[in-house]
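Undergrad: Here it is, the structure, as structure tokens.
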Amino acid sequence: DGTALSDSADPGGRHMLELKGSIPALVTPFRDGSVDIDALERLVEWHIAQGSDGLVAVGTTGESPTVSKIEHKDIIKRVVDIVAGRIPVIAGTGSNATAQSLDMLQHAEAVGADAALVVTPYYNKPNQAGMKAHFKAVNDAVGIPIFIYNIPGRSIVDMLPETMAELFETCENIKGVKDATADMAKASRQRHLCGPDFVQLSGEDISALAFNAHGGVGCISVTANVAPRLCAEFQAATLAGDYKKALEYQDRLAPLHRAMFLEPSPGGAKYALSLLGKVDEELRLPLLPVTEAAQAEIRAAMAHAGLIN
484 DGTALSDSAD
494 PGGRHMLELK
504 GSIPALVTPF
514 RDGSVDIDAL
524 ERLVEWHIAQ
534 GSDGLVAVGT
544 TGESPTVSKI
554 EHKDIIKRVV
564 DIVAGRIPVI
574 AGTGSNATAQ
584 SLDMLQHAEA
594 VGADAALVVT
604 PYYNKPNQAG
614 MKAHFKAVND
624 AVGIPIFIYN
634 IPGRSIVDML
644 PETMAELFET
654 CENIKGVKDA
664 TADMAKASRQ
674 RHLCGPDFVQ
684 LSGEDISALA
694 FNAHGGVGCI
704 SVTANVAPRL
714 CAEFQAATLA
724 GDYKKALEYQ
734 DRLAPLHRAM
744 FLEPSPGGAK
754 YALSLLGKVD
764 EELRLPLLPV
774 TEAAQAEIRA
784 AMAHAGLIN
């Protein structure tokens, strides 16, 4: 059915986490400069009711660069508490400082997050050896599954499939990748080097269809903020091997995938959610609400998908 979170051990005794389907990278609602806790709770409940297979709390789409450390930790705990075990919660815990990522990871584990998403360190540009050292350090500090977030377009560094394979082999908590490279050859290379147990989740909505055909099992999605049921049904179709049906969903969703990134994310998602009455459009500087031109394209894409009239 596209939803899976199961703990088991392989014959070698390795603790495995299975995570699949449509996993919204949850926006963080703001009101008058503060986190809107009531809106956050309603949003989480809506995603569960709409069939989302998991949630990422305070990833980049959750404006992790501009929430305070206290807010970041509080949002993770609140999302875990609201979800109450109904679907998996993946905590965004990445940083370009290993010590800060460790602190956030340990908090996520303590409050009951099911897994953690750790981005490759950005700006300071570690080489492959530095990335290996970073991920081995975070692996050794906690006991929850860790997913590598590889997004060269934002972090500038690109973790090679060979590096992932070494980390997967040597670090018991590293379970997979959120791959936002849109490089299908890389997905196949990662599958070859890491094996089918390495969980590959797309980090880019428009190419998630092809990504799953190359061995991916889901998407950590921006568009699923706005169209959670359609994205969940789309993922379920791919996981059932029904790519004809999945392509029909792709045709409905493709304009929305594009519209979400006309201007810096999550501006598009928050505008769309404001039209649905879910959150205020408020962002934190240096991000701004989307322009009127982008608003018009977002509304047209939502109408094309059948989300509004």
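Here the sequence shown stands for residues 484 to 792, numbered as in the numbering used here.
Every residue, glycine too, gets a C-beta built ideally from N, C-alpha and C.
Computed from a predicted structure; not experimentally measured.
If you draw a straight line from the C-alpha of Arg637 to the C-alpha of Tyr605, how long is it?
TA: Each residue's alpha carbon lies about 7 Å from the other.
Undergrad: Could you name the residues of the same chain whose beta carbon sits closer than 7 Å to that of Glu780, not counting the 5 residues immediately before and after it, in chain order?
TA: So the list reads Ala742 and Leu745, once near-sequence residues are dropped.
Undergrad: Am I right that Ala540 and Ala574 are in contact with their C-beta atoms under 8 Å? What's the rounded C-beta distance?
TA: That belief holds up - the Cβ atoms of Ala540 and Ala574 are roughly 5 Å apart, short of 8 Å.
Undergrad: Any contact between the segment 657 to 677 and the segment 710 to 727? By contact I mean 3 or more CB pairs, one from each, below 8 Å.
TA: Short answer: they don't touch.
Undergrad: Could you name the residues of the same chain whose beta carbon sits closer than 7 Å to that of Leu770, not counting the 5 residues immediately before and after it, in chain order?
TA: If we look at Leu770 and ignore the five residues flanking it on each side, its Cβ neighbours are Pro747 and Gly750.
Undergrad: When DSSP labels each residue in this structure, what does Leu790 get in the three-state scheme?
TA: DSSP places Leu790 in coil when its eight states are reduced to three.
Undergrad: Comparing C-alpha positions only, which one of Asn633, Gly659, His590 and Gly537 sits nearest to Ala665?
TA: It is Asn633 whose Cα lies nearest to the Cα of Ala665.
Undergrad: Between Val518 and Glu554, is the Cβ-Cβ spacing less than 8 Å?
TA: Against a cut-off of 8 Å, the Cβ pair of Glu554 and Val518 comes out as a contact.
Undergrad: Please tell me whether Ile558 and Ala591 are closer than 8 Å, where the distance is taken between their beta carbons.
TA: Taking 8 Å as the Cβ cut-off, Ile558 and Ala591 do not qualify as a contacting pair.
Undergrad: Could you give the distance in angstroms between the alpha-carbon of Ser489 and the alpha-carbon of Ala776?
TA: Note that Ser489 has pLDDT 45, beneath the 50 cutoff, so the model's placement of it is unreliable and the number below is only indicative. In a straight line, the C-alpha of Ser489 is about 44 Å away from that of Ala776.
Undergrad: CB-CB under 6 Å to Met667, same chain, minus the five flanking residues each way: which ones, in chain order?
TA: These residues qualify, in order along the chain: Ala693 and His697.
Undergrad: Compute the Euclidean distance between the alpha carbons of Asp484 and Ile570, then round it to the nearest angstrom.
TA: Confidence in Asp484 is poor, its pLDDT being 43 and thus under 50, which makes the residue's placement unreliable; the coordinate value appears in the next sentence. Roughly 13 Å separates the two Cα atoms.
Undergrad: What does DSSP give as the partner residue(s) for Val572 in the beta ladder?
TA: Leu538.
Undergrad: In chain order, what residues of the same chain have a beta carbon less than 7 Å from the beta carbon of Phe651, not counting five sequence neighbours either side?
TA: Excluding sequence neighbours, Phe651 sits near Ile657, Cys677 and Phe681.
Undergrad: Can you have a look at Lys552 and say buried or exposed, based on whether 16 or more other CB atoms are within 10 angstroms of its CB?
TA: With fewer than 16 other Cβ atoms within 10 Å, it is exposed.
Undergrad: Does the distance from the C-beta atom of Ala599 to that of Ile631 stay below 8 Å?
TA: No. Outside cutoff.
Undergrad: Name the two residues that bound the continuous beta strand (DSSP E) containing Leu643.
TA: That residue, Leu643, is in no beta strand (DSSP E); it is neither H nor E in DSSP.
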